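Each remark here refers to the structure printed beneath this line.
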Amino acid sequence: MIFSPSDVPKPLHSFLQVEKRKVSLPRVLSSPPVAGTACHAYDREVHLRCELSPGYYLAVPSTFLKDVPGQFLLRAFSTGKISLSAVRPATKGTKSPGAALPAGEWETVQLRGCWKAGQTAGGSRNFASYPCNPCLPFSVPEGAGPRYIRVTLHQHCRLGDGQLHPIGFHIFQVPADGEDQNACSLLLQEPLLSCVPHRYAQEVSRLCLLSVGTYRVVPSTYLPDTEGTFTVTIATRIDRQSIHSQEMLGQLLQEVSFMAVMKA
Numbered sequence: 703m704i705f706s707p708s709d710v711p712k713p714l715h716s717f718l719q720v721e722k723r724k725v726s727l728p729r730v731l732s733s734p735p736v737a738g739t740a741c742h743a744y745d746r747e748v749h750l751r752c753e754l755s756p757g758y759y760l761a762v763p764s765t766f767l768k769d770v771p772g773q774f775l776l777r778a779f780s781t782g783k784i785s786l787s788a789v790r791p792a793t794k795g796t797k798s799p800g801a802a803l804p805a806g807e808w809e810t811v812q813l814r815g816c817w818k819a820g821q822t823a824g825g826s827r828n829f830a831s832y833p834c835n836p837c838l839p840f841s842v843p844e845g846a847g848p849r850y851i852r853v854t855l856h857q858h859c860r861l862g863d864g865q866l867h868p869i870g871f872h873i874f875q876v877p878a879d880g881e882d883q884n885a886c887s888l889l890l891q892e893p894l895l896s897c898v899p900h901r902y903a904q905e906v907s908r909l910c911l912l913s914v915g916t917y918r919v920v921p922s923t924y925l926p927d928t929e930g931t932f933t934v935t936i937a938t939r940i941d942r943q944s945i946h947s948q949e950m951l952g953q954l955l956q957e958v959s960f961m962a963v964m965k966a
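Its first residue numbered 703, the sequence shown is counted upward by one per residue in the numbering used here.
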């Protein structure tokens, strides 16, 4: 049941079945509905009665024309147990690839840099100027074994028409005997890991498992001489050994509380 002002074409009330709670809205909305009202109507209230099997559904109210503002009330009645809640799609930038880290304790380091035409904007590996890109060092400390590392590249630049630069990055491992190796010769080798193809995104990220050693992350735009600023965030998971206590208390402790009211 939907209520809205009578001068607005009444919403088309349709149900679309989904397989789970988290879905791709564009894909689901392009599928045919399992039930719906016959047409839009200039009525204050419209009803839809249907039989639905157990599962998850999307109820989609709409006006006939787009960009028509208004308020509505959606009510659902059922002979069985039912719940109704609003879908909250992720806003741009909120659910970024690097926003959520897997469970555990993480140490985070941020490295800032920029791409400058003719200097540090070398473009992708398809161009001979690729070694001109910023080469940012980081290391994986010693531990019980390989560490989980999440590398995230976030660009702060936007073009005049509101689009983003296509960005990506490569990770190179510095040989144990090559600490003094210059960046140009290192970048001419094959990368250990990559976050490509370059994408028109505010942020790109990759979670990887790296062994102890020294590495270089090279952020880049797809085309050379594309200027902008960026931040590379390197999050390293800290693996701590669990500690088991063998001590026991000599006697049980009991907690007693007392509450009183103070009067003036």
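C-beta atoms are modelled at their ideal positions from N, C-alpha and C, and glycine is treated no differently. Model, not experiment: these values are computed from the prediction.
Beta strand (DSSP E) segment containing residue i, residue limits
i, result
"L813", "E807 to W817"
"T933", "G930 to I940"
"R967", "The requested residue 967 does not occur in the structure, where the chain is confined to residues 703 to 966."
"H858", "Per DSSP, H858 belongs to no beta strand (DSSP E) and is neither H nor E."
"L894", "Element bounds for L894: n/a, residue is neither H nor E."
"C910", "E905 to L912"
"T739", "Counting along the chain, T739 falls outside any beta strand (DSSP E), and DSSP gives it neither H nor E."
"Q875", "P868 to V876"
"L838", "L838 to V842"
"S922", "G915 to T923"
N- and C-terminal bounds of the alpha helix (DSSP H) containing residue i
i, result
"A885", "A885 to L889"
Test item: CB-CB of residue i and residue j under 8 Å
i, j, result
"P868", "Y902", "yes"
"V811", "F779", "no"
"S922", "G820", "no"
"S785", "T854", "no"
"V842", "G772", "no"
"G870", "P899", "yes"
Close Cβ partners of residue i (< 7 Å) along its chain, the five nearest in sequence each way excluded
i, result
"L866", "Q857, R860, Y902, A903 and Q904"
"A846", "D941"
"E753", "none"
"P799", "Unreliable placement is indicated for P799, whose pLDDT of 44 sits below 50; the coordinate value is still reported in the next sentence. Hits under 7 Å: T854, E905, V906 and S907."
Which listed residue (the options) has its alpha carbon closest to that of residue i
i, options, result
"S913", "L760, F874, C741 and N835", "F874"
"C897", "G915, Y924 and C886", "Y924"
"Y744", "L760, F766 and Y759", "F766"
"K768", "R751, H742 and L760", "H742"
"V919", "T931, Q883, L760 and L894", "L894"
"V934", "S733, L890, T739 and H872", "H872"
"L760", "V736, N884, Y832 and I936", "V736"
"C886", "L754, Y832, K783 and C752", "Y832"
"C890", "S755, T931, F932 and R827", "Note on residue identity: the sequence assigns Leu, not Cys, to residue 890. Taking only the C-alpha atoms, the option nearest L890 is R827."
Proximal residues to residue i (C-beta, below 6 Å), its chain only, five neighbours per side dropped
i, result
"I851", "C910, L912 and T938"
"L813", "L838 and V934"
"L888", "F874"
"F829", "P926"
"I936", "V811, F840 and V853"
"S708", "Only weak support exists for where S708 lies, its pLDDT of 49 falling under 50; the coordinates are left without a value."
"V876", "T916"
"L731", "none"
Contacting residues, own chain, Cβ-Cβ under 8 Å from residue i (five flanking each side not counted)
i, result
"T822", "G815, C816, C834, N835 and P836"
"I940", "G806, E807, W808 and E809"
"A878", "G915"
"K818", "E929"
"E844", "V914"
"Q883", "V876 and P877"
Notebook entry, point to check: Which ranges would you report for the beta strand (DSSP E) in the stretch 741 to 793 if only whole runs of at least 3 residues count?
Noted result: 758 to 762
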